[in-house]
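Visitor: Top line first, the protein sequences correspond to chains A and B.
First residue of the first sequence? That's 1 in full-length UniProt numbering, and the numbers climb one at a time after it.
First residue of the second sequence? That's 1 in full-length UniProt numbering, and the numbers climb one at a time after it.
Using N, Cα and C, we set each Cβ at its ideal position, and we do this for glycine too.
Values in this document were obtained by computation on a predicted structure and should not be read as measured data.
Have a look at this one before I ask anything.
There are 2 protein chains.
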Amino acid sequence: MPRPSAPSTPPRASATGRGARTRAAILEAATRVFAVHGYRGGSLAAIAGEAELTQPGVLHHFPSKEHVLMAVLQERDRENVKQLRSGPWHDGGVTALRTLLGLVEDNAIARERVQMFTALVGEGVSAAHPAHDFFVERYAHLRYQLIRALQRGQDAGEFRSDVDMAMIASLVLAAMDGLQIQWLLDDEETMPPRFAVLLDMLVTYLAAEPPAPG
Amino acid sequence: MPRPSAPSTPPRASATGRGARTRAAILEAATRVFAVHGYRGGSLAAIAGEAELTQPGVLHHFPSKEHVLMAVLQERDRENVKQLRSGPWHDGGVTALRTLLGLVEDNAIARERVQMFTALVGEGVSAAHPAHDFFVERYAHLRYQLIRALQRGQDAGEFRSDVDMAMIASLVLAAMDGLQIQWLLDDEETMPPRFAVLLDMLVTYLAAEPPAPG
DNA sequence: GTCTATACCAGGATAGAC
DNA sequence: GTCTATCCTGGTATAGAC
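See below:
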């Protein structure tokens, strides 16, 4: 006589429950598929295949392909943010810039995630794309955080105060994105040393003017 | 008695013949459609609609959608190259960098072309994309040209000689691409002033060391 | 929670009339 | 050189069995 409240397959499928295992597998599979075929070119069937279930199986965990897209973006973005939080990012100034180099180094061994983001942001520049708003907000947020970190450097007297840090922040983010593109298109184009050169230039450029001599 | 060799509709449809008119219209339409929907998301029907003919009409001028893609890329790329050739690019050094700023300024008023390139290079980072090889070669070529221009600056004693210009070239191209992404995602993020800041930093950084004093 | 079967739509390419 | 009509494939999403 089986006990009524102990089914061999637990019914709940909340994000933190045991049902989260296949959900995670789907998001990993979607990362790979979107990296290769983009969102528009990546089929649910392909994702299902990599996650070892069927296409309707995927749609049991996510109501639509668009929901898979947004979940992947949020999940993978969280990883980046966590990486930054773990470093001495909040000290600002040169220390924050060095933390950014660490992020670039981490990306250099995470080709799949980088390629996914590059492929999806390319599609996302169009307002017609479902992830457009996500990327608009993501870049606004990243710039805001970076501007604040640079301004802490100014407040500490580490950086000269006559430079618009909004422009510097844009440039630093731009370099990261652009180096990713070239790296993905040509493995020889390593990112970290190139990004380090930018940081060198930047630190030199931002070095506080010495107190007017004589 | 009609002359046998003067048909009212000329049979030839070479690239320079009278049949090139609709061909150009198709390429313009494809630029717009690919900018908004990318290659994978942009249908021949949509291109046909914008060019004011039917989908099989498009396939009369190009054997396949892929041929349309490659023709658009080559056509629009030619325009960029022409722009560079018209400036004092070949002088190298600071003059070449200033010519690059001119290119960025031209791009800032050519949103459609920029968005098309950004959308397509995003798809193109994947080796599975038909334009992958095009972009690999395009970036290799651009880097090569830029490296040579920077080295002319070194040869002229304008730039210090202890810096690897390959890295600088990568960084400059990266900044251009990355600034385009941010501009497309947020109109407020103007490109030319930000790129100008990079060039400022660069010129300062590359300034030849003064002859060792004392 | 996963499956099979299927409805439904859209895209690329081809055939053939005009 | 452009059209209409059609073929074929592949995609998302849903219904319903297990």
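Would you please state the rounded distance, in angstroms, between the beta carbons of residue 83(B) and residue 103(B)? I believe it to be under 8 angstroms.
Guide: Taking the second sequence and counting its residues from 1, the one referred to as residue 83(B) is at position 83. Taking the second sequence and counting its residues from 1, the one referred to as residue 103(B) is at position 103. The pair is a contact, with the Cβ atoms about 6 angstroms apart (cut-off 8 angstroms).
Visitor: Given that a residue counts as buried once 16 or more other Cβ atoms are within 10 Å of its Cβ, and exposed if not, what is residue 137(A)?
Guide: In the first sequence, counting from the first residue as 1, residue 137(A) sits at position 137. By the 10 Å Cβ count, residue 137(A) comes out exposed.
Visitor: If you check the beta carbons only, do residue 49(A) and residue 29(A) fall under 9 angstroms apart?
Guide: As a position in the first sequence, residue 49(A) is number 49, starting the count at 1. As a position in the first sequence, residue 29(A) is number 29, starting the count at 1. The answer is yes: Cβ separation under 9 angstroms.
Visitor: Quick one, which of 179(A), 31(A) and 62(A) has its alpha-carbon nearest residue 216(A)'s?
Guide: Nothing in the structure corresponds to residue 216(A), since chain A is present only between 1 and 214.
Visitor: If you follow the alpha helix (DSSP H) that residue 108(B) is part of, which residue opens it and which one closes it?
Guide: For the purposes of this step, residue 108(B) is taken as residue 108 along the second sequence, with counting starting at 1. Counting along the chain, residue 108(B) falls outside any alpha helix (DSSP H), and DSSP gives it neither H nor E.
Visitor: Does the beta-carbon of residue 208(A) have 16 or more other beta-carbons within 10 angstroms, so that it is buried, or is it exposed?
Guide: For the purposes of this step, residue 208(A) is taken as residue 208 along the first sequence, with counting starting at 1. It is exposed - the Cβ of residue 208(A) has fewer than 16 other Cβ atoms within 10 Å.
Visitor: Would you say residue 87(B) and residue 152(B) are within 9 angstroms of each other, going by their C-beta atoms?
Guide: On the second sequence, residue 87(B) is found 87 positions in, with the first residue counted as 1. On the second sequence, residue 152(B) is found 152 positions in, with the first residue counted as 1. For residue 87(B) and residue 152(B), no; Cβs fall outside 9 angstroms.
Visitor: Would you mind stating whether residue 177(B) and residue 174(A) have Cβ atoms separated by less than 9 angstroms?
Guide: Translated into positions along the second sequence, residue 177(B) becomes position 177. Translated into positions along the first sequence, residue 174(A) becomes position 174. Taking 9 angstroms as the Cβ cut-off, residue 177(B) and residue 174(A) qualify as a contacting pair.
Visitor: Helix, strand or coil: which one does DSSP assign to residue 207(B)?
Guide: Stepping through the second sequence from its first residue, residue 207(B) is reached at position 207. If DSSP states are grouped into helix, strand and coil, residue 207(B) belongs with the strands.
Visitor: When the Cα of residue 130(A) is compared with those of 72(A), 145(A) and 112(A), which residue comes out closest?
Guide: As a first step, residue 130(A) must be located in the first sequence, where it is residue number 130. Of the listed residues, the one whose Cα sits closest to residue 130(A) is 72(A).
Visitor: Between the alpha carbons of residue 46(B) and residue 143(B), how many angstroms are there, rounded?
Guide: If you number the second sequence from 1, residue 46(B) lands on position 46. If you number the second sequence from 1, residue 143(B) lands on position 143. Between residue 46(B) and residue 143(B), the C-alpha separation is close to 35 angstroms.
Visitor: Classify residue 159(A) as helix, strand or coil using the three-state DSSP reduction.
Guide: Position 159 of the first sequence holds residue 159(A). Of the three classes helix, strand and coil, the one that applies to residue 159(A) here is strand, per DSSP.
Visitor: With 9 angstroms as the limit, tell me which residues of the segment 141 to 164 of chain B have their beta carbon closer than that to any beta carbon of chain A; keep them in chain order.
Guide: Residues passing the 9 angstroms Cβ filter: 143, 163 and 164.
Visitor: Residue 171(A) and residue 118(A) - do their beta-carbons sit closer together than 9 angstroms?
Guide: By 1-based counting over the first sequence, the position of residue 118(A) is 118. By 1-based counting over the first sequence, the position of residue 171(A) is 171. Their beta carbons are not under 9 angstroms apart, which means residue 118(A) does not touch residue 171(A) by this criterion.
Visitor: For residue 126(B), go through chain A and note every residue whose CB falls closer than 8 angstroms to its CB, in chain order.
Guide: The residue labelled residue 126(B) in the question sits at position 126 within the second sequence. Here the neighbours are 35, 36, 37, 38, 115 and 119.
Visitor: Using the Cβ count rule (16 or more neighbours within 10 Å means buried), how would you classify residue 114(A)?
Guide: Within the first sequence, residue 114(A) is the residue found at index 114, counting from 1. So residue 114(A) ends up on the buried side.
Visitor: Would you identify the three-state DSSP class for residue 64(B), choosing helix, strand or coil?
Guide: Within the second sequence, the letter at position 64 stands for residue 64(B). DSSP places residue 64(B) in coil when its eight states are reduced to three.
Visitor: Would you say residue 50(B) lies against chain A (beta-carbon separation less than 9 angstroms)?
Guide: Here residue 50(B) corresponds to residue number 50 of the second sequence, with the count starting at 1. Taking Cβ atoms only, chain A never reaches closer than 9 angstroms to residue 50(B), which makes this a no.
Visitor: Using a Cβ-Cβ cutoff of 7 angstroms, what residues of the segment 82 to 114 of chain A are near chain B? List them in chain order.
Guide: The segment 82 to 114 of chain A vs chain B, Cβ under 7 angstroms: nothing.
Visitor: In its own chain, which residues sit with a C-beta less than 6 angstroms from the C-beta of residue 97(B), not counting the 5 before and 5 after it?
Guide: In the second sequence, counting from the first residue as 1, residue 97(B) sits at position 97. So the qualifying residues of the chain are 199.
Visitor: Just the chain A side, please: which residues come within less than 7 angstroms of residue 194(B) by C-beta, in chain order?
Guide: Here residue 194(B) refers to the residue found at position 194 when the second sequence is read from its first residue. Within chain A, the residues near residue 194(B) are 167, 170 and 171.
Visitor: Check for me: the alpha helix (DSSP H) holding residue 31(B) runs from which residue to which?
Guide: Working through the second sequence from its first residue, we reach residue 31(B) at position 31. Per DSSP, residue 31(B) belongs to the alpha helix (DSSP H) from 20 to 41.
Visitor: Flag this pair as yes or no: are the beta carbons of residue 69(B) and residue 146(B) separated by less than 9 angstroms?
Guide: The count along the second sequence starts at 1 and reaches residue 69(B) at position 69. The count along the second sequence starts at 1 and reaches residue 146(B) at position 146. No, the pair does not count as a contact, with Cβ atoms beyond the cut-off.
Visitor: Quick one: using the 10 Å Cβ neighbour count with 16 as the cut-off for buried, is residue 222(A) buried or exposed?
Guide: No statement about residue 222(A) is possible, as the shown extent of chain A runs from 1 to 214 and does not include it.
Visitor: Near residue 61(B), which residues of its chain fall below 7 angstroms by C-beta distance, leaving aside the five closest residues on each side in sequence?
Guide: Against the second sequence, residue 61(B) aligns to sequence position 61. The residues are 22, 23 and 26.
Visitor: Assuming residue 40(B) contacts residue 112(B) (C-beta within less than 8 angstroms), just tell me the rounded distance between them.
Guide: On the second sequence, position 40 is the one that residue 40(B) refers to. On the second sequence, position 112 is the one that residue 112(B) refers to. The pair is not a contact, with the Cβ atoms about 19 angstroms apart (cut-off 8 angstroms).
Visitor: Looking only at its chain, what residues have a beta carbon closer than 8 angstroms to the beta carbon of residue 190(B), apart from the 5 residues adjacent to it on each side?
Guide: In the second sequence, the residue the question calls residue 190(B) occupies position 190. Counting only Cβ-Cβ distances below 8 angstroms, and skipping sequence neighbours, we find 108 and 183.
Visitor: Out of 123(A), 122(A), 59(A) and 77(A), which one is the CA nearest neighbour of residue 110(A)?
Guide: Looking up residue 110(A) in the first sequence gives position 110. Out of 123(A), 122(A), 59(A) and 77(A), 77(A) has the C-alpha closest to the C-alpha of residue 110(A).
Visitor: Rounding to the nearest angstrom, what Cα-Cα distance links residue 42(A) and residue 51(A) in this structure?
Guide: Within the first sequence, the letter at position 42 stands for residue 42(A). Within the first sequence, the letter at position 51 stands for residue 51(A). Cα-Cα distance, rounded: 14 angstroms.
Visitor: Could you name the residues of the same chain whose beta carbon sits closer than 8 angstroms to that of residue 64(A), not counting the 5 residues immediately before and after it, in chain order?
Guide: On the first sequence, position 64 is the one that residue 64(A) refers to. The answer is none, since no qualifying residue turns up.
Visitor: What did DSSP end up calling residue 58(A) once you bin it into helix, strand or coil?
Guide: In the first sequence, the residue the question calls residue 58(A) occupies position 58. Three-state DSSP puts residue 58(A) in a helix.
Visitor: Residues in the same chain with beta-carbon distance under 8 angstroms from residue 79(B), minus the five sequence neighbours each way, listed in chain order, please.
Guide: Here residue 79(B) is taken as the residue at index 79 of the second sequence, counted from 1. For residue 79(B), where only same-chain residues beyond five positions count, the Cβ hits under 8 angstroms are 113.
Visitor: Per DSSP, what kind of secondary structure is residue 193(A) in: helix, strand or coil?
Guide: Indexing the first sequence from 1 puts residue 193(A) at position 193. It is helical.
Visitor: Go ahead and label residue 157(A) buried or exposed: buried means 16 or more other beta carbons lie within 10 angstroms of its beta carbon, across all protein chains shown.
Guide: Taking the first residue of the first sequence as position 1, residue 157(A) is located at position 157. So residue 157(A) counts as exposed.
Visitor: Helix, strand or coil, according to DSSP, for residue 179(B) in the structure here?
Guide: Position 179 of the second sequence, counted from the first residue, corresponds to residue 179(B). Helix at residue 179(B).
Visitor: Can you confirm whether residue 181(B), when its beta carbon is compared against all beta carbons of chain A, has any partner nearer than 9 angstroms?
Guide: Position 181 of the second sequence, counted from the start, is the residue given in the question as residue 181(B). Taking Cβ atoms only, chain A reaches closer than 9 angstroms to residue 181(B), which makes this a yes.
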